[in-house]
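K.L.:
Read in order, the letters of the sequence shown correspond to residues 1 to 129 in the UniProt record's numbering. Ideal placement from N, C-alpha and C gives every residue a C-beta, glycine not left out. Predicted model only: the values in this text are computed from it and were never measured.
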Amino acid sequence: MVYGMNLKPNDTMTDCKVCIQSKQTATPFSKEPKNRSSQLLGVIHSDFSGPMRVESIGRSFYFATFIDDCSRFVHVYFLRSKDEVKSAFLEFKAYIENKLNCKIKTLRTDQGLEYVGPNFDHYLVKKWN
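This is the structure:
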């Protein structure tokens, strides 16, 4: 509150340009996906998170998610360290490819260090090139 400033009740106050811009809202995201894959395992999205502040029952502080773009099937792996991401992916890959009898075509990540480090990156380059 400002003291010593007298305003009459019928004074009109105009908003400055910054005030008007700060009240703008963004358009909402579309509820329909733009370019969803049409085939199972065509695109797998993966992300890694952690460390969590609270340890899980299995003594894990991290987790990795793997999501099929077509079916939206989600698989979560709870991990004790960052360097377990590769083994989690290999376990997921073996499980899902065996279950669906087809191969993963594309792995999409946020290029986090867990995915582009020498351990995981060399495997992907060797496997998909």
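1. Using a beta-carbon distance below 8 Å, is Phe78 in contact with chain B?
2. Determine the extent of the alpha helix (DSSP H) in which Ser30 is found, giving its start and end residues.
3. When you compare the CB positions of Leu100 and Ala88, do they come within less than 8 Å of one another, or not?
4. Measure the C-alpha to C-alpha separation of Glu91 and Leu41 and round it to an integer number of angstroms.
5. Do Val43 and Asp69 have their CB atoms nearer than 8 Å?
6. Compare the beta carbon distance of Lys82 and Glu114 with 8 Å and say whether it is the shorter of the two.
7. From what residue to what residue does the beta strand (DSSP E) around Phe73 run?
8. DSSP puts Leu79 in a beta bridge; with which residues?
9. In the DSSP assignment, the alpha helix (DSSP H) including Ile44 goes from what residue to what residue?
10. Could you pull the start and end residues of the alpha helix (DSSP H) that Thr96 belongs to?
11. Report the rounded CA-to-CA distance for Asn98 versus Ser22, giving the unit in angstroms.
12. For Ile67 and Phe73, what's the separation of their Cα atoms in angstroms?
13. Quick check: what's the CA-CA separation for Lys34 versus Val125?
P.N.:
Looking at the coordinates:
1. Judged by its chain identifiers, the structure shown contains no chain B, having just a single protein chain.
2. Taking the first residue of the sequence shown as 1, we reach residue 30 at position 30. Neither: Ser30 is in no alpha helix (DSSP H) and is coded neither H nor E.
3. Along the sequence shown, one-based indexing puts residue 100 at 100. Along the sequence shown, one-based indexing puts residue 88 at 88. Not closer than 8 Å, so no.
4. The residue given as residue 91 occupies position 91 in the sequence shown. The residue given as residue 41 occupies position 41 in the sequence shown. Those two C-alpha atoms are separated by around 15 Å.
5. Mapped onto the sequence shown, residue 43 falls at position 43. Mapped onto the sequence shown, residue 69 falls at position 69. Note that the C-beta distance between Val43 and Asp69 is below 8 Å.
6. Here residue 82 refers to the residue found at position 82 when the sequence shown is read from its first residue. Here residue 114 refers to the residue found at position 114 when the sequence shown is read from its first residue. One thing to note: Lys82 has its Cβ within 8 Å of the Cβ of Glu114.
7. Within the sequence shown, numbered from 1, the residue matching residue 73 stands at position 73. Taken as a continuous stretch (DSSP letters only), Phe73 belongs to no beta strand (DSSP E), as it is neither H nor E.
8. For this step, residue 79 is matched to residue 79 along the sequence shown. Bridge partners of Leu79 according to DSSP: Tyr62.
9. Along the sequence shown, read from residue 1 onward, the residue named residue 44 stands at position 44. No alpha helix (DSSP H) contains Ile44, which is instead part of the beta strand (DSSP E) from 44-49.
10. Numbered from its first residue, the sequence shown carries residue 96 at position 96. In the sequence under discussion, the amino acid at residue 96 is Ile, which differs from the Thr named in the question. For Ile96, the enclosing alpha helix (DSSP H) starts and ends at 85-100.
11. Residue 98 sits at position 98 when you count from the first residue of the sequence shown. Residue 22 sits at position 22 when you count from the first residue of the sequence shown. Computed Cα separation, rounded: 52 Å.
12. Residue 67 sits at position 67 when you count from the first residue of the sequence shown. Residue 73 sits at position 73 when you count from the first residue of the sequence shown. Approximately 6 Å, taken between the alpha carbons.
13. For the purposes of this step, residue 34 is taken as residue 34 along the sequence shown, with counting starting at 1. For the purposes of this step, residue 125 is taken as residue 125 along the sequence shown, with counting starting at 1. Lys34 and Val125: Cα-Cα distance of roughly 28 Å.
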